[in-house]
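Data block below; observations after.
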Amino acid sequence: MSILETERLILRPLTEADASQRYADWLNDPQVNQFLETRHSAQTVDSCRAFVTQCNADPGSHLLGVFHKDSGQHIGNVKVGFINSHYERGQVSLFIGEKAFWGQGLSSELVREVTRYAFADLGLNRLEAGCYENNLASLRVFLKCGYTVEGFMREQVTLNGKRMGVFWLGVLKHEYA
């Protein structure tokens, strides 16, 4: 896989060497992990390395580190996973762990590029993503990038002891082009 670039970001395959203490700290930070399933257990450098290794060994998963172009700093991850080659579909998930980079439009830049990559380079026809009902920032990012809300699953997850729904979004290759 080649390195992907946007105006402000570099996306490249994540390696075990990228699984730093800083990375583990993101996943243990309640502000960062509030909408991530990793919040259900404490994360360590070893668990992060194991995750990277597992994703890299899975042909149905493409895990990329998100690096800020100017500084070279690892600021988050994006994954196209659950790829079904027969049906040419996959799921996008992402997070920006470095809070200093929140609110700058980087997630939109990231989703646009990973969507382009999934359609152009991975040959997918459909991408899906989910977000918790109160994660309006994520919902706005996906809508801005051409995804459509295809469903709402009521009381799908629990967050801070409260049941909540999840938006399910999708985009098709011909809609994105």
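For the sequence shown, the positions run 193 to 369 when my numbering is used. Here a beta-carbon is modelled for each residue, glycine too, at the ideal position from N, C-alpha and C.
| Query | Result |
| --- | --- |
| Buried or exposed by the 16-neighbour rule on C-beta atoms within 10 Å, applied to residue 366 | exposed |
| Nearest candidate by alpha-carbon position, reference residue 348, set 202, 290, 221, 322 | 322 |
| Cβ neighbour criterion (16 or more within 10 Å) applied to residue 299 | buried |
| Residue closest to residue 398, alpha-carbon to alpha-carbon, out of 345, 239, 346 | One cannot answer for residue 398 here, as it falls past the ends of the chain, which runs 193 to 369. |
| Beta-bridge pairing of residue 354 - partner residues as DSSP gives them | 351 |
| Residue of 288, 229, 301 minimising C-alpha distance to residue 352 | 229 |
| Helix, strand or coil at residue 312 according to DSSP, with G and I counted as helix | helix |
| One or two residues paired with residue 255 in a DSSP bridge | 271 |
| Rounded separation between residue 194 and residue 225 - CA only | 28 Å |
| Expected contact under 8 Å - CB spacing of residue 258 and residue 203 to nearest Å | 6 Å |
| DSSP beta-bridge partners of residue 360 | 322, 343 |
| Where the beta strand (DSSP E) through residue 285 begins and ends | 281–288 |
| Coil, strand or helix - residue 206 by DSSP | coil |
| Three CB pairs or more closer than 8 Å across the stretch 269–289 and the stretch 244–257 | yes |
| Under 8 Å between C-beta atoms of residue 293 and residue 266 | no |
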